[in-house]
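So the sequences go chain by chain: A and B.
For the first sequence, the numbering used here gives the first residue as 63, with consecutive numbering after it.
For the second sequence, the numbering used here gives the first residue as 1301, with consecutive numbering after it.
The beta carbon of each residue, even a glycine, is placed where N, CA and C say it ideally should be.
These numbers come from a predicted model, not from an experiment.
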Amino acid sequence: MFREKWTNIAIRILSLVLLFSGMNLLYKHVFFEKDLQKYSSIINLVRDIPAEADIIYLGESSNNTAREDDLDKRKISDFIGDYYPGLALYDLTKPAAHAGVFKVLLQQMPEENEVETVIVTLTLRSFNAQWIHSPLETSLQKSLVLLKPYPPLFNRFLLSFKAYEIKTKEERERDFKKQWVEDKLQFPYEFPHKDVKKWNRWMAYTGIMDEQGELDRAQTELACHYIKAYGFQIDTLENPRIADFDAIVELARDRGWKLMFNLMAENMEKAESLVGEDVIFLMNQNRELLEHYYGSKGVMVVDNLSCVEDQFFIDQTWTTEHYAERGRKTIAKRVAAELQTWYPEEYKDVGY
Amino acid sequence: MLFNTIDFAIFLPAVVLIYYLIPAKFRWVLLLAASYYFYMSWKVEYILLIVVSTLVDYFSGIRMGKLEERRSRLPWLILSLCINLGLLFSFKYFNFATENLNVLFSKVGLAGKIPMHELLLPVGISFYTFQTLSYSIDVYLGRQKAEKHLGYFALYVSFFPQLVAGPIERYSRLAPQLRERHIFSYDNLVNGLRLILYGLFIKMVIADNISPIVDQIYANPENFASGHVLTGIFLYSFQIYSDFFGYSTIAIGSALLLGVRIMDNFKSPYLAKNISEFWQRWHISLSTWFRDYLYFPLGGNRVSKYRWVLNILVVFLVSGLWHGANWTFIIWGLLFGLIYLIEHVANKSLNLQKEHSAYSAGHLLLALKTFFLVTILWVFFRSQSFGDAMHIFKLIVQNAPSDPQQLMIPLSTWIFLLLFIVSDVFLYKRRFDSWVAGMHFVLRWTIYGVLLFGIVAFAGVENFPFIYFQF
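Next up, the structure:
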């Protein structure tokens, strides 16, 4: 009786194992590719990288956004490639992407790929609360589920059962507003505002005056944006971007890639003129932290934070890393210069 | 926490496992904590509404239980009704009433507007309010003894499998089962899992794949040809059915894993021969609630003919209003009432009350008629306004041939829908778990395989909450 019962249970477990294995095979060979194209077409960015690529540049909209009057509308990665005509440099550009997305894309890189160097865009703003809790995050996370390192059927199960963070726009707004209050700002000098919410409120009430002494609403609003975008201090233990960049460092170590983080330029001129020295202090503090933190892990960090002048930022009423041709070329030049460390022979000065 | 999420896939087995591991006397604590946690996963602060509702009805029940005279119990019943229905009104109907009053005021030339609130409708408020009201009314009528144990009463109000979208259970049915010392049963486990599997299939594979198609058509019906608008109307009938039936089936299966048997909420309603039978097979727990707590107190059919007609219309109107604060629901309910009355008169005068055996040609013809009528009425249910519903009908009648927007319905959606319809025909007289239990091992496992594979590989991936959550 006892034996028969356990035999029945064993038969059922075996049936389930066989069932799942068979279903996984069926799904993998018949349906997986269609689902990939439907829900995770981001995979095509990796597939488009040829096996013989020497350098891969991972970027977001900063890489491929150009100004209307640009004579040369090419990407930053194209300009970098100009300095190394003998090397095959390919870009992998996904607007609104951040380290979490880059990490998954790099994990998809086939083992047989002979890539030597990986350049990853490091955007300071991506460490802020508003970007971490961005409304775009739900769809971004969803697009990565099928790419997880599990059997295809299990990934589809995770997608079907919504195994990613689903939050409404309101919930995400609540999250970053909460973080603005919880993260206390610490300055080595007396600073009247304890957190971003208080600082932002002060700016909104005090305002920026125009030449006639009238309240300039547009400039005040922009100053508030700068406070919310750069008023933070990176906590290497808590910030999810750090965890993602750390994972990229680990992956590069495992795969033997040379790794470069390209710290993108922010409009520091405007930040200083609108908000003042305090926000510059925070930006510089975060810059130093990232440089030291990743420098100590063997990553080459190219510091472009203040290398682009205000006039070369495309968006003048918002905080973005979109640069006009001159700005893109400046960044490309600095990255190319640093790459000489690894490719001294291949470097050709193209005079950008 | 939706039933079709990874969170619930972890939550439910964890609760079931702990449930059978701990001593029976502590199980109510576990289930109450799990139920509150389950509800708080939507919006933490709304748990206060359940707590208020629970406390009011618990103490009202205790007070009523101590009073012999029904008349002296009345103030406590009124207190319970006022607070529960007051909360329901505040969250669900206040804005609707205000909006209509403001329109009325402006028409009669009164200045000023009553402001509306922006509070979110708490998930499942109509369900648990009706559940707890049935307890208060039963205690008032002397049909039910007052519960003395606050914990068990709180659990009755909030039992997580059926908390947010029913089935609306009666105290006399559910409470004794919550007290029972259930021993782990292999049969309950298997049947519960079967029901969960089938429920997930019809929610995730049928409803969630139909949902974007229907949304697309209802959002801009003028962009589609008449045939496609008709397809959208047809598909909505199956979307709402598979969505709610799926939810109820998962709820019943989940409760069964804990040894608790919840009432069936659906029995192949689209195979009903008339509207009366449809309501005996659709959302059964709500229909019986209205029968017991509204229709019978109004006098039922033991009144004059005219009064009976009025009773029927009142019940259907309230039923419509229960579903949502919108004129479309009121019209939907009233139309159901009218069709019910017309069918009643026609059956009597034309002597159509002949019994048709199940699956006979007569049965299927009548079922088709019922399905057609219900499908037409769903247009009011689904539309945002009466005007939108009429616009849909106009587009069909106009027979608009232009089809600038192509309607893409994957073949797999049709195949799975067909499978669902076929299975529903078989489920006319029995439930899914008992149906498959009687099958040959190979056939049974083939069905498991198809359902599992469908859920994993063909489930809709958009996050569509269960439709009835909004009620």
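Interface flag, residue i vs chain A, CB-CB below 9 angstroms
| i | result |
| --- | --- |
| M1340 (chain B) | no |
| W1579 (chain B) | no |
| G1749 (chain B) | yes |
| M1708 (chain B) | no |
| A1309 (chain B) | yes |
| L1302 (chain B) | yes |
7 angstroms Cβ cut-off: residues of chain B touching residue i
| i | result |
| --- | --- |
| K224 (chain A) | T1305, I1306, N1763 |
| F93 (chain A) | A1757 |
Cβ-heavy atom distance, residue i to the ligand GTP, below 8 angstroms
| i | result |
| --- | --- |
| A285 (chain A) | Ligands displayed in this structure: none; no statement on the ligand GTP is therefore possible. |
With 16 other Cβ atoms within 10 Å as the buried cut-off, status of residue i
| i | result |
| --- | --- |
| F1766 (chain B) | buried |
| V1722 (chain B) | exposed |
| S201 (chain A) | exposed |
| A113 (chain A) | exposed |
| P214 (chain A) | buried |
| K224 (chain A) | buried |
| Q1539 (chain B) | buried |
| L1321 (chain B) | exposed |
| G360 (chain A) | exposed |
| N1400 (chain B) | exposed |
| P1569 (chain B) | buried |
| P1710 (chain B) | exposed |
| S358 (chain A) | exposed |
| K1503 (chain B) | buried |
| K1413 (chain B) | exposed |
9 angstroms Cβ cutoff, residue i in contact with chain B
| i | result |
| --- | --- |
| Y292 (chain A) | no |
| Y101 (chain A) | yes |
| L209 (chain A) | no |
| I228 (chain A) | yes |
| D97 (chain A) | yes |
| K204 (chain A) | yes |
Alpha-carbon spacing of residue i relative to residue j, whole angstroms
| i | j | result |
| --- | --- | --- |
| M1708 (chain B) | T381 (chain A) | 40 angstroms |
| I75 (chain A) | A305 (chain A) | 38 angstroms |
| E331 (chain A) | A266 (chain A) | 20 angstroms |
| N1285 (chain B) | G1600 (chain B) | Here chain B covers residues 1301 to 1771 and nothing more, so residue 1285 (chain B) does not appear. |
| K135 (chain A) | Q170 (chain A) | 29 angstroms |
| S103 (chain A) | A386 (chain A) | 29 angstroms |
| G1754 (chain B) | Q99 (chain A) | 19 angstroms |
| Y1452 (chain B) | L1433 (chain B) | 16 angstroms |
| R263 (chain A) | E235 (chain A) | 17 angstroms |
| H1623 (chain B) | F1771 (chain B) | 5 angstroms |
| L1677 (chain B) | N1384 (chain B) | 30 angstroms |
| T379 (chain A) | N1626 (chain B) | 42 angstroms |
| L1621 (chain B) | V108 (chain A) | 53 angstroms |
| N1523 (chain B) | V397 (chain A) | 51 angstroms |
| A1324 (chain B) | S1485 (chain B) | 15 angstroms |
| S1537 (chain B) | V1674 (chain B) | 8 angstroms |
| L1751 (chain B) | T1305 (chain B) | 17 angstroms |
| V1645 (chain B) | L1638 (chain B) | 11 angstroms |
| A128 (chain A) | K137 (chain A) | 8 angstroms |
Listed by chain order, chain A residues near residue i by CB distance under 8 angstroms
| i | result |
| --- | --- |
| V1756 (chain B) | M85, Y89, L215, R218, F219, S222 |
| F1636 (chain B) | Within 8 angstroms Cβ-Cβ: nothing; F1636 (chain B) doesn't reach chain A, min ~34 angstroms. |
Proximal chain B residues relative to residue i, where beta-carbon distance stays under 8 angstroms
| i | result |
| --- | --- |
| S196 (chain A) | The contacting residues do not exist; S196 (chain A) stays about 17 angstroms from chain B at best. |
| L81 (chain A) | W1745, Y1748, G1749, L1752 |
Within chain A, partners of residue i - CB distance below 7 angstroms
| i | result |
| --- | --- |
| W1745 (chain B) | S77 |
Chain A residues whose Cβ lies nearer than 9 angstroms to that of residue i
| i | result |
| --- | --- |
| M1504 (chain B) | S222, F223 |
Q) Between the segment 1433-1451 of chain B and the segment 1535-1546 of chain B, do three or more beta carbon pairs fall short of 8 angstroms? A) no
(Q) Quick check: the segment 1486-1501 of chain B against the segment 1731-1744 of chain B, are at least 3 beta-carbon pairs closer than 8 angstroms? (A) yes
Q. Is it true that the segment 1386-1396 of chain B meets the segment 1465-1473 of chain B, where meeting means three or more beta-carbon pairs spaced less than 8 angstroms apart?
A. no
Q.
So, does the segment 1325-1343 of chain B touch the segment 1407-1423 of chain B, judging by three or more C-beta pairs under 8 angstroms?
A. yes
Q) Between the segment 1469-1483 of chain B and the segment 1559-1573 of chain B, are three or more C-beta pairs nearer than 8 angstroms? A) yes
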